[in-house]
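In this text, residue positions in the sequence shown follow the numbering used here: the first is 14, and each later residue adds one.
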Amino acid sequence: MSTKKQIENKPYYNMISNNPVIITGGGQRLGLATALELNKRGYKVVITYRKDRPLLSELEEQGITCVAADFSTDSGIKTFINEVQQRFSVLRAIIHNASTWSRDPKPYDTDEGAAVLDAMMQVHVKAPLLINKALAKMLEDNGDILHISDQVATIGSFKHMAYAASKAAIENLTMSFARGLAPRIKVNAIAPALITFNDWDDAEYRKKALQKSLLGVEPGEQCFTDTVLYLLQTNYVTGRVLPLDGGRHLKLP
């Protein structure tokens, strides 16, 4: 193989760009874990947050740029898009991690149920759609868009229909954007089930949750951040939804 051919085929994962990776909802939980891991590995990281908190000052000191953004309204999405366009010229990746969650009303009141569905679709679907449409041209060649879905997107949820439906929609958008932006941009999604327990989860709940998967473990945040890194580093995966569910799809009832 010629030297020229070797250079052309050099794996993309050996290269870390100086252009920013935007992580929406990066001020807590998996978004925060991802921001810290990418920052540690030399990526330039920009996170969005909805509520101010002392942690943000610490993140800024570590070199992570924190931008206030509210995706619950169309004007909030537009303001965020305008700010990104003004502050940056080229992006390395956009990771859509911002999320909201509400139970379906019980009994299912029409007005309240509609409001819950609208809220889920606004943050989980409309915001990524509008942001991708506006900012995709700013992504560098071989750049990435990652959508964060959920295991319930493929199996539904009787108690949380609106949430599950919105996550199914973002998985569909993953395929649409992958087709539309290839071969310059890769677009993928991650669909986690249990990753980490909350401090307030009691022993009974934890036992029941662990029994839902074949592997029966709490994998921890590193499992998620490793998957993000894999998708940023690979040069041959697009239009895919990677499940992080410990084999739940094979667990017998």
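From the three backbone atoms N, C-alpha and C, an ideal C-beta is built for every residue, glycine too.
Since this is a predicted model, take the numbers as computed values, not measurements.
Check                                                                                                        : Outcome
Simplified DSSP assignment, three categories, for P33                                                        : coil
Distance between I29 and P118 (C-alpha atoms, nearest Å)                                                     : 46 Å
Test item: CB-CB of A106 and D157 under 8 Å                                                                  : yes
Segment limits, beta strand (DSSP E) that includes R54                                                       : Careful: R54 lies outside any beta strand (DSSP E) and carries neither H nor E.
Neighbour-count burial assignment, T86, 16 or more Cβ in a 10 Å radius                                       : exposed
Within the segment 73–160, ranges of the beta strand (DSSP E) (whole runs, at least 3 residues)              : 78–81, 104–109
Beta-carbon gap between T167 and K199 smaller than 8 Å                                                       : no
For L255: DSSP bridge partner residues                                                                       : I203
Proximity of I108 and V34 at Cβ, strictly below 8 Å                                                          : yes
Among N31, G169, L244, nearest to S102 - alpha-carbon criterion                                              : N31
Contact check, L148 vs I94, beta carbons under 8 Å                                                           : yes
Integer-rounded CB distance, given that N52 should sit under 8 Å from I36                                    : Actually they are not in contact, since the Cβ atoms of I36 and N52 sit about 10 Å apart, beyond 8 Å.
Integer-rounded CB distance, given that D258 should sit under 8 Å from A206                                  : 4 Å
Per-residue burial, P67 [other beta carbons within 10 Å of its own, 16 or more giving buried]                : exposed
Test item: CB-CB of L255 and I203 under 8 Å                                                                  : yes
Local conformation of T167 per DSSP, three classes                                                           : coil
H262 classed as buried or exposed, judged by whether at least 16 other C-beta atoms fall within 10 angstroms : exposed
Segment contact, 8 Å Cβ cut-off, at least three pairs: the segment 36–49 with the segment 234–247            : yes
Own chain residues within Cβ distance below 6 Å of M133, not counting five before or after                   : A175, Y176, S179
Which of helix, strand or coil DSSP assigns to T209                                                          : coil
Classification of S112 by the beta-carbon crowding that lies within 10 angstroms, buried from 16 upward      : buried
Where T187 sits in the DSSP three-state scheme                                                               : helix
Short Cβ contact (8 Å threshold) for H173 with R116                                                          : yes
Extent of the continuous alpha helix (DSSP H) run through K264                                               : Taken as a continuous stretch (DSSP letters only), K264 belongs to no alpha helix (DSSP H), as it is neither H nor E.
Alpha-carbon spacing of K17 relative to Q246, whole angstroms                                                : With a pLDDT of only 38 at K17, under 50, the local geometry of the prediction cannot be trusted, and the value read off the model is given with reservation. Approximately 21 Å between the Cα atoms of the pair.
Under 8 Å between C-beta atoms of F210 and E184                                                              : no
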